[in-house]
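Okay, so here's the structure we're looking at.
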């Protein structure tokens, strides 16, 4: 049990978690699963994994899209990938689905994976370096204009 922490208003909050910085939080989250690099993500997609692009629209418009990746805005991710959810994407077929979450540089995707794993999507992982690493490896990218 953690000690009481004070709120900004001076009120005690029983069992409040000890504050951590984002770097420590990322380290803790990432310790719970194996992340993969761009070549491994491409191979996983070839083997049937679902690539999920959580970048916001302006980045997709600017930088392009990974062919075959499912685009899901970060604020909708859990609803769209929960196999039990009423708002799930057609691709969210079960808890054993291999999912590779892709953000711009590989930070937000790690936090998204933690959330997906809490939903029971135990094979979820993320792309080290995100979309920028994918593109940097020379893997396929479609311009946003040609993909619509």
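Residue numbers (this note's numbering): 48 to 195. All residues carry an ideal CB built from backbone N, CA and C; glycine is no exception. Keep in mind that this is a model prediction, so the values were computed, not measured.
| Asked | Found |
| --- | --- |
| Distance between residue 67 and residue 79 (C-alpha atoms, nearest Å) | 17 Å |
| Integer Cβ distance of residue 145 from residue 112, believed to fall under 8 Å | The Cβ separation is near 20 Å, so there is no contact. |
| Rounded separation between residue 99 and residue 117 - CA only | 5 Å |
| Residue closest to residue 89, alpha-carbon to alpha-carbon, out of 160, 159, 182 and 62 | 182 |
| Ranges of the beta strand (DSSP E) found wholly within the segment 50-101, counting only runs of at least 3 | 97-100 |
| Completely contained beta strand (DSSP E) runs for the segment 118-152, where each covers 3 or more residues | 146-149 |
| Nonlocal neighbours in the same chain, by C-beta distance under 7 Å from residue 130, ignoring five residues either side | 139, 140, 141 and 142 |
| Candidates 186, 192 and 191, of which the one nearest residue 92 by Cα | 186 |
| C-beta atoms of residue 189 and residue 147 nearer than 8 Å | no |
| Three-state class that DSSP yields for residue 116 in the structure shown | coil |
| Nonlocal neighbours in the same chain, by C-beta distance under 8 Å from residue 169, ignoring five residues either side | 142 and 143 |
| Residue of 102, 63 and 64 minimising C-alpha distance to residue 191 | 102 |
| Spatial distance of residue 65 from residue 161 (CA atoms) | 19 Å |
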